[in-house]
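For reference, the structure is listed below as structure tokens.
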Amino acid sequence: MTRPKALITGASSGIGKSYARRLAGRGYDLVLVARDKARLEALAGELEASGAASEILVADLTQSADVGRVEQKLESDAALTFFLNNAGIATVEPQLNTKVETIERLVALNVTAATRLALAAGRAFTARKSGTIVNMASAVAVNPERFNGVYSGSKAFLLALSNALTRELNANGVTIQTVLPGITRTEIWERAGKDVETLPPEKTMDVDELVDAALKGLELGERITIPSLPDANDLAEAEAARLKLGPNLSWQHPAARYLG
210 MTRPKALITG ASSGIGKSYA RRLAGRGYDL VLVARDKARL EALAGELEAS
260 GAASEILVAD LTQSADVGRV EQKLESDAAL TFFLNNAGIA TVEPQLNTKV
310 ETIERLVALN VTAATRLALA AGRAFTARKS GTIVNMASAV AVNPERFNGV
360 YSGSKAFLLA LSNALTRELN ANGVTIQTVL PGITRTEIWE RAGKDVETLP
410 PEKTMDVDEL VDAALKGLEL GERITIPSLP DANDLAEAEA ARLKLGPNLS
460 WQHPAARYLG
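Numbers 210 to 469, taken from our numbering, label the letters of the sequence shown in order.
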């Protein structure tokens, strides 16, 4: 039988690389997307030695044309049943002094590319009436005060996008999960100009533990997975409080306290 395929962005290191290994072990062939061809080839060789075929797609997802090539792959390859929307960058620059170049590149990757690819996967999977989309956000999506606001905002956007897509996707047989990691030991810190070894070790999760927890959350049917959160009821209560606002967010007239 034909093996299912998973497409992973940001596959050359960190979270994406760990997912590739785990999914290969679960019977998936891979489409590996990242900028670093040499790293992708090394990972593909490793996975193929374990029995998983890998296709490499070298792409810089800050570039619209490269995003378009990945969109086309998602929509045209009927064997694809799993999409990990993982590519992203961070910044630790002071909030009010974040460089314009940093903002534009971060938004291009974390927001524009992530949105285009989530929607492409959504179109493809709903047409096939099956599939799984995993959007890799961050715990700062719900706790933005803890990090650079541009990065936090980009991850809050991805969480909001997932929330908005959930009903339509679920109605068409598609699963969508948003993962909100805390501090994770990956190269994103070094690329942002921060030594991960200076971060509190008791707060820093190893990448394989994170991925295993996220996959377990998917198996449990979680729409949002926060791997570090001890009590799932805390998230359920926060979501319930947010949804409680819904019926009163739009009326013809202002609330009484704003009148008179």
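Even glycine gets a Cβ: it sits at the ideal position worked out from N, Cα and C. The structure presented is a predicted model; accordingly, all values stated were derived computationally and were not measured.
N-terminal and C-terminal residue of the beta strand (DSSP E) that residue i is part of
i, result
"threonine 218", "214-218"
"glycine 362", "Counting along the chain, glycine 362 falls outside any beta strand (DSSP E), though it belongs to the alpha helix (DSSP H) covering 358-380."
"threonine 290", "289-294"
Residue i and residue j closer than 8 Å at C-beta
i, j, result
"proline 439", "methionine 414", "no"
"alanine 322", "alanine 296", "yes"
"proline 246", "isoleucine 265", "Note on identity: in this sequence residue 246 is lysine, with proline being the wrong assignment. Yes, the Cβ-Cβ distance between lysine 246 and isoleucine 265 is below 8 Å."
"valine 301", "glycine 402", "yes"
"threonine 387", "asparagine 344", "yes"
"valine 420", "threonine 395", "no"
"valine 320", "lysine 282", "no"
"threonine 341", "asparagine 381", "no"
"alanine 220", "leucine 252", "yes"
"lysine 364", "isoleucine 392", "no"
"proline 435", "alanine 369", "Correcting the residue identity first, residue 435 is isoleucine in this sequence and not proline. Not a contact, by the Cβ cut-off of 8 Å."
"alanine 233", "glutamate 284", "no"
"proline 213", "threonine 290", "yes"
"glutamine 304", "asparagine 379", "no"
"threonine 375", "arginine 337", "no"
Whole-number beta carbon distance between residue j and residue i, since they are thought to touch under 8 Å
i, j, result
"isoleucine 298", "leucine 318", "6 Å"
"phenylalanine 292", "alanine 330", "4 Å"
"leucine 315", "valine 383", "Leucine 315 to valine 383, Cβ: 28 Å. No contact."
"alanine 268", "arginine 244", "7 Å"
"leucine 424", "arginine 231", "6 Å"
"alanine 350", "serine 361", "7 Å"
"tyrosine 237", "alanine 261", "7 Å"
Bounding residues of the alpha helix (DSSP H) (the contiguous stretch that carries residue i)
i, result
"isoleucine 312", "309-316"
"leucine 424", "416-428"
"aspartate 443", "441-453"
"serine 273", "273-285"
"isoleucine 397", "397-401"
"leucine 270", "It is not in any alpha helix (DSSP H) - leucine 270 carries neither H nor E in the DSSP assignment."
"glycine 254", "246-258"
Counterpart residues of residue i in DSSP-defined beta bridges
i, result
"isoleucine 392", "Partner(s): none; isoleucine 392 has no beta bridge."
"serine 263", "Leu239"
"glycine 340", "Val383"
"threonine 321", "Bridge partners of threonine 321: none, in fact."
Residue i (DSSP reduced to helix, strand or coil)
i, result
"isoleucine 224", "helix"
"isoleucine 433", "strand"
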